[in-house]
Amino acid sequence: MRRRLTQLFIITCALGLSGCASTQWELEPWVKPYERSNLADPIMSMSRNPIALAYIKHVFESREGARGADGAAGGGCGCN
Amino acid sequence: MPMVRREAAVAVTKRVILIALLICHSGGAAVLPQDRSDVMYHRYEGDGVSIDGPSILLRKKVHNKVSLSANYYVDTVSGASIDVRATASPYQEERKETTLGADFLHNKTLMSVSYTNSSENDFEANSVYVGVSQDFFGDLTTLSLSYAKGWDEVGKTGDPDFAEQADRQKFGLGITQVATKNLILGFSVENISDQGYLNNPYRSIRFLDANSERGFRFVTEKYPDTRTSNAVSLNAHYYLPYRAALYAEGRWYTDTWGIDAMNIKLGYIHTFGDDWVLEGFVRHYSQEKADFYQDLFTRENEFNFMARDKELSSFSGLTAGLSLAYEWQFSPDALVKKSSVHLEWDHMRFEYDNFRDVTANAPVGEEPLFGFNANVIRAFVSVWY
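Protein chains in written order, with my numbering: chain A, 1161 to 1240; chain B, 6 to 390.
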């Protein structure tokens, strides 16, 4: 499991870095601001109800050994 | 005797840090979170324990550059979980938690700070959180970095001389990427390290004792005084053409105690007209036990570190959830711009692979494996202004 986690992390970092590199030199933003109405819909928000989300994550963390990287972090879509 | 209050001892600090993180990031990067207030009643029932209470969240902008937030949360715990039923009596206790936060917007950078205090009669947790989020690449990519530090003071009811401490810190990195006009992808990684008294002072291991009436006895657990964990998660949200959404989340976890875990969640959100939102999801979790966990030890001091916390055993959990919300939209010029009521219900099932129910009448070490169901509800009202 630990090995699989490390492999996943390396692959994800490599993809991320290659994405940054290519965006800096080659790519243009491919979703224009006027095309983001669907993304701006509240049902697309990962934490549209923060008070309930914090609570249910607490419920899981109290009963599970794992912690962190639970999807709470992260931004929006630059929609507003 | 208050035993399972330590059931969430570590989780209290994790929640303290999590609350700060959620409150500071509820609105996304490069825009301040919307002004809103939420009032929630929450209730958990399972394994002989009831936990309920209110939670109130307030958020208000100041001069369009700063957003202030405050959260007040109460847990009232009563009953007796399997750990308590095995060694002690039911109890009742209360935990109160307060978070104060501020977000600062400068161009496309959002900076967040918060302070949280969690207080019980035998446990005090304080933490601070700082985070920064930056939009770039035409606002398609959001990079978030965070750091949180927590300080715990651990006591023990009935032992006024018992006073221990633990320090915790967390580093987080998150990336959100707009992939298409209907798809958002997210990646996050977090490193958490703890140092100090990480035991649960009320939890016990059991070991064989031929002189005991039951053939075994209990003694307080012994944990290492450091723990470092790493977790990586990926998620995707996809917008469907009839105003609905599909989402998937996966997380992989490992730590220096030997726990490896993974969970995956799949969900669907459906709207009826402009006002009704229905959501359903399933979530599966599984973990491998800590290196020093055993259900039954052969003698009292068999190893340097010994645990029988069921949260450190090998087990799996399956959760199914449903929620329904009704929303009212008002004029953008009105004092209240939007309001909603929500009812959310989750049903959980946990199955333990090497944690036995010692309350059962069976030979030592041959008791049935433990498992339990739980129901969780959240009912809340939200107002945007």
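Heads up, the beta-carbon is just placed ideally off N, CA and C, and yes, glycines get one too. The structure presented is a predicted model; accordingly, all values stated were derived computationally and were not measured.
query	result
In three-state terms, what does DSSP make of G33/B?	Residue confidence is low: G33/B scores 43 on pLDDT, short of 50, so the model does not pin down where it sits. Its coordinate-derived value is still stated next. Three-state DSSP puts G33/B in coil, outside helix and strand.
What three-state label does DSSP hand R1223/A in the structure shown?	helix
I want to verify the contact list: residues of chain A whose CB lies under 8 Å from the CB of M45/B, in sequence order.	I1211, A1212, Y1215
Mapping DSSP to helix, strand and coil, what is P95/B?	coil
What is the DSSP secondary structure of K1217/A, reduced to helix, strand or coil?	helix
Where does A1200/A sit, in a helix, a strand or coil, going by DSSP?	helix
Does DSSP put Y316/B in a helix, a strand or coil?	With the sequence shown as reference, residue 316/B is identified as Glu, and Tyr is not the correct amino acid for it. Three-state DSSP puts E316/B in a helix.
For the segment 176-187 of chain B, enumerate the residues whose C-beta is nearer than 7 Å to any C-beta of chain A, in chain order.	G177, G179, I180, T181, V183, T185, K186, N187
Shorter than 7 Å from the beta carbon of L317/B to some beta carbon of chain A?	yes
For a test of the three-state rule: what should DSSP assign to Y1194/A, helix, strand or coil?	helix
Would you say the segment 67-87 of chain B touches the segment 99-119 of chain B, given that touching needs at least three Cβ pairs under 8 Å?	yes
Three Cβ pairs or more, each shorter than 8 Å: is that satisfied between the segment 51-58 of chain B and the segment 164-175 of chain B?	no
In this structure, does DSSP put A295/B in helix, strand or coil?	coil
Report yes if the C-beta distance between F360/B and F377/B is below 7 Å; otherwise report no.	no
Take A1226/A as the anchor and find which of D314/B, E349/B, Y290/B has the nearest alpha-carbon.	Y290/B
Out of A236/B, Y390/B, Y273/B, which one is the CA nearest neighbour of S193/B?	A236/B
Does DSSP put A1212/A in a helix, a strand or coil?	helix
From the beta carbon of E1195/A, is the nearest beta carbon of chain B less than 7 Å away?	yes
Which runs of the alpha helix (DSSP H), 4 residues or longer, sit entirely within the segment 42-93 of chain B?	87-92
From the beta carbon of E1186/A, is the nearest beta carbon of chain B less than 7 Å away?	no
Report the residue ranges of all beta strand (DSSP E) runs contained in full by the segment 139-165 of chain B; include only those spanning at least 3 residues, in chain order.	146-159
How many angstroms separate the CA atom of S1197/A from the CA atom of Q39/B?	17 Å
Does any C-beta atom of chain B lie closer than 7 Å to the C-beta of A1226/A?	yes
I'd like to know if A1229/A contacts chain B, where contact means its C-beta is closer than 7 Å to some C-beta of that chain.	yes
Distance, Cα to Cα, S1222/A vs P1210/A?	18 Å
Under three-state DSSP, which class holds S387/B?	strand
Could you list which residues in chain A have their beta carbon closer than 9 Å to that of S60/B, in chain order?	I1211, A1212, A1214, Y1215
Under 8 Å Cβ to Cβ from D230/B, same chain only, skipping five residues before and after it: list those, please.	Q200, G201, Y202, L203
Going by the beta-carbon positions, is the gap between R383/B and M45/B smaller than 7 Å?	yes
So the candidates are E293/B, F212/B, S138/B; which of them puts its Cα closest to the Cα of G322/B?	E293/B
Counting only Cβ pairs nearer than 9 Å, list the residues of chain A close to D351/B.	I1216, V1219
My understanding is that I189/B touches H242/B, with C-beta atoms under 8 Å, so please give their C-beta distance in whole angstroms.	5 Å
CB-CB under 6 Å to L283/B, same chain, minus the five flanking residues each way: which ones, in chain order?	H275, L329
Exposed or buried, which one is F335/B when buried takes at least 16 other CB atoms within 10 Å?	exposed
State the Cα-Cα distance for the pair R232/B and T225/B, rounded to the nearest angstrom.	19 Å
Where does the unbroken beta strand (DSSP E) through G220/B begin, and where does it stop?	Neither: G220/B is in no beta strand (DSSP E) and is coded neither H nor E.
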